[in-house]
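Chain order of the listed sequences is A and B.
Everything in the first sequence is counted per this note's numbering, starting at 1 for the first residue and increasing by one.
Everything in the second sequence is counted per this note's numbering, starting at 1 for the first residue and increasing by one.
Even for Gly, the Cβ is constructed at its ideal location relative to N, Cα and C.
Since the model is a prediction, treat every value here as computed from it, not as a measurement.
Take a look at the structure set out below.
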Amino acid sequence: MITEPAVAIRGLTKVFPVPFHRQAVVAVRDLDLRVQAGEVYGLLGPNGSGKSTTLKIILGLVSPTRGKTEIFGRDSNEVASHEAVGFLPENPYFYKYLTGTETLRFFGKLCGLRGSQLGKRIDELLDLVGLTNARYRRLGTYSKGMLQRIGLAQALINEPKLVVLDEPTAGVDPAGSREIRNLIVDLKRRGITVLLSSHLLAQVQEICDHVGILANGVLVREGPLEELIAIENQTELILENASDAFVKEVEALAARSNAKLVARRRSTTTLERLFLDATKDENKQ
Amino acid sequence: MSSETAAITRHRAFSFSRIGAITTITLTELTRQKVFYVLLIFALLLIGSSAFLARFTFQQEFQILKDVSLGAMSIFTSLLAIIATARLIPQDIEDRTVYTILAKPVPRLEYLLGKLTGVLLLLAISVLLMSAMFAVVLYTREQAALQETARHFANAPRDQLDDALGALRASALNIDLLPGVAIIYLKACLLAALTLFIATFATTNIFTIVVMVFIYFTGHLQATAREYWLQEHSASWMARIFLAVVALIFPDLQAFNLIDDIVVGAAISLALFVKTAALGIFYTLIYTLLAIFVFYGKEL
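In structure tokens form, the structure reads like this:
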């Protein structure tokens, strides 16, 4: 049973000196953050807010100016702590002259996998990300969505306990984006911790348990998603097949109490759902 | 599947198999970028020059063929070393591949060693292939020359024929060429390690290549400049330290130019070969260590 947090950040500050300038850039300032094992944590913020720098520090790619980061209780600067980690950077390209299978074999070998065990794992992952048919194609011929999916497959090659995703759906079409979200949900179901950064708030809202919002390197909001977005004094009822008379009765009931009916509207689907349904029908024809 | 896989991934602080994986992938990538086209140019140069040399005496022909071939081999391997190495790190950073590799349990030392070994293997294959082509052309010409000489001296005394054939064999394909080829390879290794060092702090391939071209020319001239300096100034300790620093930054590439002796048929002494090889290995190690040192502190 894992007791320690998947990621623990304490008093993290990162200052980038600017050549020929006295004033340095503070990318992250006094950041304290914990990602519990098994949850999906969304790190949000505008461009330049320090999201990517924070992720890079967690992965030991950038050294902190002050503070400490740990992965499952181990200092993240220790290379050995990366055994438990899978990482997908934003818009990855990889080696374009290698095929999908060769790419996964390479990353598998870096993680100590060999032989038939590695071959089996590659087959599983290609199947998981839907690239089995493109396995012998060079990555130079892959679309952006396919590169993102092979990137996700390499991040999972060592069966990590923590997966770090930097803008996992950036530049991917809605269908591909949906597939990646489904994969993230599947990772959560299998008990894998996911730490992701994103600009796409609707997607984050759909899959994250916890969110932290960074602005100018400072964590300005942090907590369970449901708590952060809940409006304390409002309740929603969604009714199906309710007659007008019944709805009027509910309204009257509300009027008789101290409650106030704020809005009454017809339920709508999302634009994304509409897009996916429409393109699915088109593909069938 | 999870418990089975997880059991395998026990981290080792240093792993030759991880370095091997990076080496293999670097070599595969470089090979698929069709860098071996340079060998085609080399082959054309060889064939072209042997056709042109038909008008000279056999000894002159062999001398010029060796001069052209070893010179071209030296230039091509040096160019290959600089261009292939210059793109390794900046390209990996630009494509973010370095993030995915170093986010795995891979120390930066292994990443750099794997990359460099990939280039050194590529250079070794190139040198071997060029040497093989060179040997085939030289051997073919030698056999033709031997037959023609034998015909020419058909009625001459046996001693005279043996002398003529012996002189031909000595000026054509012989074991004395091997040290020359080995030094060409070591010079390319040195240049690859130096390029890797520059690439660890450069932000673009172009910067690295421009700096390396400058170092390449300066490296060939620095021995002359040093001799001039020591003649003009009394060799004070300050001057010696300054020259040592210059020699470290700009390796004495002229010291690796042993082709001239080989071309005229003079064998390189074992002492000179060992000294030059040791210099090449020393420079390669120093630049590799410097590259590792800089790369460890690099913010990715």
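| query | result |
| --- | --- |
| So H199(A) and E167(A) are in contact, right, with Cβ under 8 Å, and what is the actual spacing, rounded? | 7 Å |
| Short check: CB of G38(A) to CB of G212(A), under 7 Å? | no |
| Taking one C-beta from the region 177–190 of chain B and one from the region 125–142 of chain B each time, how about it: are there three or more such pairs within less than 8 Å? | yes |
| Return the residue from the list E124(A), R264(A), L110(A) and L126(A) that minimises the CA-CA distance to K248(A). | R264(A) |
| Should A167(B) be flagged as near chain A, meaning a C-beta pair shorter than 7 Å? | no |
| Any idea if D301(B) is buried or exposed, counting beta-carbon neighbours within 10 angstroms, 16 or more meaning buried? | Since the displayed chain B opens at 1 and closes at 300, residue 301(B) lies outside it and no answer follows. |
| Find out if the Cβ-Cβ distance for the pair V62(A), K56(A) is shorter than 7 Å. | yes |
| On the DSSP letters alone, give me the boundaries of the alpha helix (DSSP H) that T249(A) sits inside. | For clarity, residue 249(A) is Glu in the given sequence; the question names Thr instead. Where E249(A) is concerned, the enclosing alpha helix (DSSP H) stretches over D244 to R256. |
| Can you list the residues of chain A that P107(B) reaches, using a CB-CB cut of under 8 Å? | V79 |
| From the beta carbon of L300(B), is the nearest beta carbon of chain A less than 7 Å away? | yes |
| Could you confirm whether any beta carbon from chain B is found closer than 7 Å to the beta carbon of E83(A)? | yes |
| So with Cβ pairs under 7 Å, would you call I25(B) a contact of chain A? | yes |
| On the DSSP bridge list, what partners appear for D75(A)? | E70(A) |
| I think V35(B) touches T85(B), with their Cβ atoms under 8 Å apart; what is that distance to the nearest whole Å? | Incorrect: roughly 11 Å between the Cβ atoms, too far for contact. |
| Please confirm if the region 157–166 of chain A is in contact with the region 82–90 of chain A, defined as three or more CB-CB distances below 8 Å between the two stretches. | yes |
| Name the two residues that bound the continuous beta strand (DSSP E) containing I213(A). | H210 to A215 |
| For L122(B), go through chain A and note every residue whose CB falls closer than 9 Å to its CB, in chain order. | Those do not exist, as L122(B) stays about 14 Å from chain A at its closest Cβ, beyond 9 Å. |
| So, is Q60(B) buried or exposed, given that buried needs 16 or more other C-beta atoms within 10 angstroms? | exposed |
| For the beta strand (DSSP E) containing I296(A), name the first residue and the last one. | Beyond the ends of chain A as shown, which are 1 and 285, falls residue 296(A); an answer cannot be given. |
| Do the region 56–76 of chain B and the region 148–164 of chain A touch if we need at least three Cβ pairs shorter than 8 Å? | no |
| Could you name the residues of chain B that L59(A) contacts, counting a contact when the two beta carbons are closer than 8 Å? | Y99, L102 and A103 |
| Using a Cβ cut-off of 8 Å, which residues of the region 129–148 of chain B contact any Cβ in chain A, in chain order? | none |
| Out of G112(A), Y93(A) and I58(A), point me to the one whose CA is closest to E159(A)'s CA. | G112(A) |
| Does the CB of L131(A) have a neighbour CB from chain B at under 7 Å? | no |
| Are V194(A) and V7(A) touching if we call contact CB-CB under 7 Å? | no |
| Quick check: L285(B) and V137(B), are their CB atoms within less than 7 Å of each other? | no |
| Take A150(B) and list the residues in its own chain whose beta-carbon comes closer than 8 Å to its own, dropping the five residues that flank it on each side. | L161 and L165 |
| For R32(B) versus Y93(A), is the C-beta distance shorter than 7 Å? | no |
| In whole angstroms, give me the CA-to-CA distance for R181(A) and V172(A). | 11 Å |
| Measuring CB to CB, does P107(B) end up less than 7 Å from E83(A)? | no |
| For T26(B), which option in L194(B), L88(B), L186(B) and I83(B) has the closest C-alpha, if you only look at C-alpha atoms? | L88(B) |
| Quick check on the DSSP output: the alpha helix (DSSP H) that includes R266(A) runs from which residue to which? | Premise fails: R266(A) is in no alpha helix (DSSP H) and is neither H nor E. |
| Run through the region 166–241 of chain A for me and flag every whole alpha helix (DSSP H) of 4 or more residues, listed as ranges in chain order. | 174–189, 201–207 and 225–229 |
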